[in-house]
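Following: one structure in structure tokens, then a few remarks.
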Amino acid sequence: MSTKVIAMLHCTADAEEPFEMELKRLVEASLLDEGCIKYELFQYEHEDCHYVIIEEWQDDNALKKHQDSPHYKHFLRISPVLLKNPAEVKILKRLV
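Counting from 1 along the sequence shown, just add 1 to a position and that's the residue number in this note's numbering.
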């Protein structure tokens, strides 16, 4: 069974442009990771500084490899100065 993740991110207003650029780089690189099924970036319709990433990985091992990747670690290093609040990341469990 695949592993699904949702990440909710809220950047500061003055960091919106560089943060969005970094998010797009993360998505582009993550889509090339082995075991990546889906890595989609969304923005709230009426709240420009709010983003959601929806991920699907082949299994927990693929997610772990992604979390160990240079592009993911780079994003973790640079994001704290751009975020208004810490990112909220949840691993989802399918019910039906």
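Don't be surprised by glycine CBs; every beta carbon is placed ideally from N, CA and C.
Query	Result
Taking buried to mean at least 16 other C-beta atoms within 10 Å of its own C-beta, is glutamate 89 buried or exposed?	exposed
Which stretch, first to last residue, makes up the beta strand (DSSP E) that contains leucine 96?	Premise fails: leucine 96 is in no beta strand (DSSP E) and is neither H nor E.
Between Leu42, Cys12 and Gly36, which has its C-alpha nearest asparagine 62's C-alpha?	Gly36
Let me confirm a value: threonine 4 is counted as buried when at least 16 other C-beta atoms fall within 10 Å, else exposed. Which label applies?	buried
Looking at serine 80: is its Cβ nearer than 8 angstroms to the Cβ of aspartate 34?	no
Compare the Cα-Cα distances from glutamate 41 to each of Cys50, Glu29 and Asp49 and report the closest residue.	Glu29
Alpha carbon to alpha carbon, how far is leucine 84 from alanine 14? Give it in angstroms, no decimals.	9 angstroms
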